[in-house]
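2 protein chains.
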Amino acid sequence: MKKLYSLIMAGGSGTRFWPGSKAAKPKQYLNLFGSESLLQSTISRFAKFTSNDNIYIVSGKNQAKVLEEQTTMLPKSNLIYEPVGKNTLPCIGLAAMFAEKENPDGIMVVSPADHLIENDELFKDTVLAASKIADKRDGIVTIGITPTYPATGYGYVQTAEDITGSEKIRQYKVEQFVEKPDETTAKSYLAKGGFFWNSGLFVFKVSVFIDAVKEFAPQLYSDLRKIQAELGMPTFENTLDTIYRAVESISVDYGIMEHARNIYLVEGNFVWNDLGSWESVYLTSKKDENQNAVSGESVIIDSKNSYVSSDSGLIALVGLDDVIVVQDGNTTLVCKRDKAEEVKKVVDNLKSNYKSQFL
Amino acid sequence: MKKLYSLIMAGGSGTRFWPGSKAAKPKQYLNLFGSESLLQSTISRFAKFTSNDNIYIVSGKNQAKVLEEQTTMLPKSNLIYEPVGKNTLPCIGLAAMFAEKENPDGIMVVSPADHLIENDELFKDTVLAASKIADKRDGIVTIGITPTYPATGYGYVQTAEDITGSEKIRQYKVEQFVEKPDETTAKSYLAKGGFFWNSGLFVFKVSVFIDAVKEFAPQLYSDLRKIQAELGMPTFENTLDTIYRAVESISVDYGIMEHARNIYLVEGNFVWNDLGSWESVYLTSKKDENQNAVSGESVIIDSKNSYVSSDSGLIALVGLDDVIVVQDGNTTLVCKRDKAEEVKKVVDNLKSNYKSQFL
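Pasting the structure below:
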């Protein structure tokens, strides 16, 4: 096995997690479960099978403070800052340019920082299986999550030929990536079989990925090469800033995965949740006998099926079911559970009214 | 007209108003409507027809700080502190002992500090009408509120003979005081007529009230006389403390009004609400087009018929109707409107768990 790098993408802003997430502390930095943040849990998950020296993180300048506080276990030089967020393709491309300088044959595992994954051992085995294909077949490998219900909130990957052979973990060639479906379509995917949730976890040889950028995003490729040429030079930051601000904002799915031919899928059977809203945090949290998930100081009277999280104060919930209450600093969210997606509207409202003290 | 004193009873602890009310700052000190607290509004209401020198306040020692802050318009010597709360009869009796020293023929108007009253001009006329009867007939006069619906949360006063004569404001002899009724009984009161809500507003000549205490609560009478004998002496506080702690806790309704014969009622047609819970504050607050009553910083999305009050932070309410959300300092209440009475349980829970930092 070639040297294994992991790249954790931690630049998201997580507006659906207000007020837990604020501009300076998005979702990946929150302790939603236990004592580690989602980012720290992601690092721990990789640290079980790769050295900390090989764990890289890409994030935004505006998150530098909290990122450094939460990643004291990593070399500082492994923290890569984008001047601005440009979606996943430029982000991964930038990190690949760093990695190529050291080892173009290295295998890179790309992971979002803000997902919930349980069963670290199976995660490791799945990543290692994906690395093997990436190395042997010069492929770009995605980890596809076995769907447990017809979710409409996730993109799907349709598989083609089964190439599992004697391997323990099932693996396939990929037919196509598909966008988030409506419910009828999602149900048909599950009925038909061969469809997996797109987890955002990718594994590839650095050189293979850079070749794909060259083929499918030639402008980005040439921009990234210009940036790479100044790596370690005093002019680097300036060059990065100038060039990166001008690159196209595009996802790796849309820019590469939907076009490339050498795409494979390894089946992920570990517990996975992209934690898209407080509702998904509620669903994946431990609950008490009234199906309430509670953290921090609280008094719960005559209420059930609710998520109550208090950061520094006390929340009293009386006579209400199916609600989300989150207190963080000077802000409190009170939301019906099935309206958790609308929290984005709160953030929009605060932005348009210049109430940055609450963002 | 004899000299008019007003006595504002401000000793309540208001546990149904947590978290707005805390042990050191009960309901009467809250700015529930506009820029004045309920106590300050009560003082202003009396100040329109009596001098500030004649406005007395009885409260608890534990509320001294906030009371003094909010009553800088009154002479400090007009603030009377009970060592402990003993319900309304000892409270009024104590104040009557102070007043008697100055003017036994004075007329005293007793008012709770924490009610909502609108139309100050009509209030004044009503009080003056009551004072006239109290003076002329040596009676104890209660102001009865004309019921607007069959309330089960208020006590009632049944009237007997109409003694209005040529007066503008209707007045009656009182038949009896009755406890809070069930709904059927309340409906029958309204159908029958002659029933008024017991407002807790009383008017009497000081000497007449003291005579009634002597007749119907002789032990309290003799205790109060002992306290009065040391008024202005260095031993006063000690004597007050020792004796007052031992007196029976009893309401003026139960101890005197239900027994005395010289009881009259003057009809109060001003807007009145005893503000028994956040629900009644919601009902009497100004509302926006979605029937939300909102104060402080907030973002309201897809929610109606709700009360949202934020003291120092911001509350976002998303997708919920008929709720009460109150943030005060380090505490936030989230409550279904029809469960507003259960807020007492939150306070009980915090007490029994020794969480005084939230009380």
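If you read the sequences in order, they're chains A and Y.
In terms of this note's numbering, the first sequence is residues 225 to 583.
In terms of this note's numbering, the second sequence is residues 225 to 583.
The C-beta atom is built at its ideal place from N, Cα and C for all residues, glycine as well.
#1: What's the C-alpha gap between A/Ala540 and Y/Gln581?
#2: Can you give me the C-alpha to C-alpha distance between Y/Val308 and Y/Gly330, rounded to a whole angstrom?
#3: Mind checking who Y/Tyr468 pairs with in its DSSP beta bridge?
#4: Count the other CB atoms, across all protein chains shown, that sit within 10 Å of the CB of A/Ser268; report buried if there are 16 or more and exposed otherwise.
#5: Pull up the distance between the alpha-carbon of Y/Val365 and that of Y/Asn486, whole angstroms please.
#6: Quick test of the definition: if touching needs 3 or more C-beta pairs under 8 Å, does the segment 331 to 344 of chain Y touch the segment 226 to 237 of chain Y?
#7: Give a yes or no on whether 8 Å exceeds the smallest Cβ distance from Y/Lys411 to chain A.
#8: Compare the C-beta of A/Leu507 with all C-beta atoms of chain Y and state if any pair is closer than 8 Å.
#9: Give me whichever residues DSSP pairs with A/Trp496 in a beta bridge.
#10: For chain Y, is any of its Cβ atoms less than 8 Å away from the one on A/Glu503?
#11: Measuring CB to CB, does Y/Gly244 end up less than 8 Å from Y/Asp552?
#12: For the segment 516 to 530 of chain Y, which residues have a CB atom closer than 8 Å to at least one CB atom of chain A, in sequence order?
#13: For A/Glu566, return the contacting residues in chain Y, with the cut-off set at a CB-CB distance below 8 Å.
#14: Taking the alpha carbon of A/Tyr468 as the reference point, which residue from A/Ala415, A/Tyr478 and A/Arg449 has its own alpha carbon closest?
#15: Just the chain Y side, please: which residues come within less than 9 Å of A/Ser536 by C-beta, in chain order?
#16: Please give the ranges of any alpha helix (DSSP H) in the segment 342 to 372 of chain A, keeping only runs that are unbroken, at least 4 residues long and fully inside the region.
#17: Could you run through the segment 412 to 436 of chain Y and flag, in chain order, every residue whose CB is less than 9 Å away from some CB of chain A?
#18: Using only the alpha-carbon positions, how far apart do Y/Tyr445 and Y/Thr350 sit?
#19: When the Cα of A/Gln252 is compared with those of A/Asp406, A/Ala234 and A/Ser473, which residue comes out closest?
#20: Which chain A residues are close to Y/Val549, counting only those with a beta carbon under 8 Å from its beta carbon?
#21: Quick check on Y/Ser275: buried or exposed, where buried means 16 or more other Cβ atoms within 10 Å of its Cβ?
#22: Closer than 7 Å by beta-carbon distance: list the chain A residues that pair up with Y/Leu574, in chain order.
#23: For Y/Glu513, which of helix, strand or coil comes out of DSSP?
#24: Consult DSSP for Y/Asp545 and reduce its assignment to one of helix, strand or coil.
#25: Quick one: what does DSSP say A/Pro250 is sitting in, helix, strand or coil?
#26: In terms of residues, what are the limits of the alpha helix (DSSP H) holding A/Met321?
#27: With distance defined between alpha-carbon atoms, name the residue in Y/Phe460, Y/Cys315 and Y/Thr266 nearest to Y/Lys298.
#28: State yes or no: is the C-beta of Y/Asp526 within less than 8 Å of the C-beta of Y/Val518?
#29: Would Y/Phe582 pass as an interface residue toward chain A - the criterion being a Cβ-Cβ separation below 8 Å?
#30: Report the residue from Y/Ser283, Y/Asn278, Y/Asn516 and Y/Asp277 whose alpha carbon sits nearest the alpha carbon of Y/Lys249.
#31: For chain A, check one thing: does any of its Cβ atoms lie closer than 8 Å to the Cβ of Y/Lys569?
#32: Are the segment 364 to 379 of chain Y and the segment 392 to 405 of chain Y in contact at 8 Å, needing three or more beta carbon pairs?
#33: Pick out the complete beta strand (DSSP E) segments inside the segment 375 to 408 of chain Y, 3 residues or longer, and give them in chain order.
#34: Nearest-angstrom Cα distance between A/Phe433 and A/Ala320?
#35: So the beta strand (DSSP E) Y/Asn422 belongs to, where does it begin and stop?
#36: So what does Y/Gly284 bridge to, in DSSP terms?
This is what the structure gives:
#1: In the first sequence, residue 540 of chain A corresponds to position 316, counting from 1. In the second sequence, residue 581 of chain Y corresponds to position 357, counting from 1. Distance between the alpha carbons of A/Ala540 and Y/Gln581 is about 14 Å.
#2: Position 84 of the second sequence holds residue 308 of chain Y. Position 106 of the second sequence holds residue 330 of chain Y. Near 27 Å, if we compare the C-alpha coordinates of Y/Gly330 and Y/Val308.
#3: On the second sequence, residue 468 of chain Y is found 244 positions in, with the first residue counted as 1. Y/Tyr468 is not bridged to any residue.
#4: Here residue 268 of chain A is taken as the residue at index 44 of the first sequence, counted from 1. It is exposed - the Cβ of A/Ser268 has fewer than 16 other Cβ atoms within 10 Å.
#5: In the second sequence, the residue the question calls residue 365 of chain Y occupies position 141. In the second sequence, the residue the question calls residue 486 of chain Y occupies position 262. One C-alpha to the other measures close to 8 Å.
#6: Per the Cβ contact rule, the segment 331 to 344 of chain Y is in contact with the segment 226 to 237 of chain Y (3 or more Cβ pairs under 8 Å).
#7: Within the second sequence, numbered from 1, the residue matching residue 411 of chain Y stands at position 187. Chain A, which has no Cβ nearer than 8 Å to the Cβ of Y/Lys411, makes this no.
#8: Counting from one through the first sequence, the residue named residue 507 of chain A turns up at place 283. No, no contact with chain Y.
#9: Working through the first sequence from its first residue, we reach residue 496 of chain A at position 272. A/Ile341, per the DSSP bridge assignment.
#10: Indexing the first sequence from 1 puts residue 503 of chain A at position 279. Taking Cβ atoms only, chain Y never reaches closer than 8 Å to A/Glu503, which makes this a no.
#11: In the second sequence, the residue the question calls residue 244 of chain Y occupies position 20. In the second sequence, the residue the question calls residue 552 of chain Y occupies position 328. Going by C-beta atoms, Y/Gly244 is nearer than 8 Å to Y/Asp552.
#12: Glu521, Val523, Ile525 and Asp526
#13: Locating residue 566 of chain A in the first sequence gives position 342, counting from the first residue. Those within 8 Å of A/Glu566 in chain Y are Ile525, Asp526, Val542 and Gly543.
#14: On the first sequence, position 244 is the one that residue 468 of chain A refers to. Checking every option, the nearest Cα to that of A/Tyr468 belongs to A/Arg449.
#15: Taking the first sequence and counting its residues from 1, the one referred to as residue 536 of chain A is at position 312. Neighbours of A/Ser536 on chain Y, chain order: Asn554.
#16: 344 to 361
#17: Close to chain A, meaning a Cβ-Cβ distance shorter than 9 Å, is no residue of the segment 412 to 436 of chain Y at all.
#18: For this step, residue 445 of chain Y is matched to residue 221 along the second sequence. For this step, residue 350 of chain Y is matched to residue 126 along the second sequence. Going from the Cα of Y/Tyr445 to the Cα of Y/Thr350 covers about 30 Å.
#19: Along the first sequence, read from residue 1 onward, the residue named residue 252 of chain A stands at position 28. Of the candidates A/Asp406, A/Ala234 and A/Ser473, the one whose C-alpha sits nearest the C-alpha of A/Gln252 is A/Ala234.
#20: Your numbering for residue 549 of chain Y matches position 325 in the second sequence. Near Y/Val549 (Cβ distances below 8 Å), the residues of chain A are Thr556 and Val558.
#21: Your numbering for residue 275 of chain Y matches position 51 in the second sequence. By the neighbour-count rule (16 or more Cβ atoms within 10 Å), Y/Ser275 is not buried but exposed.
#22: Locating residue 574 of chain Y in the second sequence gives position 350, counting from the first residue. Correct list: Val523.
#23: Residue mapping note: residue 513 of chain Y aligns to position 289 of the second sequence, counting from 1. DSSP places Y/Glu513 in coil when its eight states are reduced to three.
#24: The residue you call residue 545 of chain Y lines up with position 321 of the second sequence. Coil, per DSSP.
#25: One-based indexing of the first sequence puts residue 250 of chain A at position 26. Looking at A/Pro250 - three-state DSSP - the assignment turns out to be coil, as it is neither helix nor strand.
#26: For this step, residue 321 of chain A is matched to residue 97 along the first sequence. In the DSSP assignment, A/Met321 falls within the unbroken alpha helix (DSSP H) covering Thr312 to Glu326.
#27: If you number the second sequence from 1, residue 298 of chain Y lands on position 74. First, the amino acid is wrong: residue 298 of chain Y is Leu here, not Lys. Nearest option by C-alpha distance: Y/Thr266.
#28: Within the second sequence, the letter at position 302 stands for residue 526 of chain Y. Within the second sequence, the letter at position 294 stands for residue 518 of chain Y. Cβ atoms of Y/Asp526 and Y/Val518: not closer than 8 Å.
#29: Within the second sequence, residue 582 of chain Y is the residue found at index 358, counting from 1. Taking Cβ atoms only, chain A reaches closer than 8 Å to Y/Phe582, which makes this a yes.
#30: Residue mapping note: residue 249 of chain Y aligns to position 25 of the second sequence, counting from 1. Checking every option, the nearest Cα to that of Y/Lys249 belongs to Y/Ser283.
#31: The residue given as residue 569 of chain Y occupies position 345 in the second sequence. For Y/Lys569, the answer is yes, since a Cβ of chain A falls inside 8 Å of its Cβ.
#32: Touching, yes.
#33: 380 to 386 and 395 to 402
#34: Numbered from its first residue, the first sequence carries residue 433 of chain A at position 209. Numbered from its first residue, the first sequence carries residue 320 of chain A at position 96. Those two C-alpha atoms are separated by around 8 Å.
#35: In the second sequence, the residue the question calls residue 422 of chain Y occupies position 198. Counting along the chain, the beta strand (DSSP E) containing Y/Asn422 begins and ends at Phe419 to Lys429.
#36: Within the second sequence, the letter at position 60 stands for residue 284 of chain Y. Beta-bridge partners of Y/Gly284 (DSSP): Y/Glu306.
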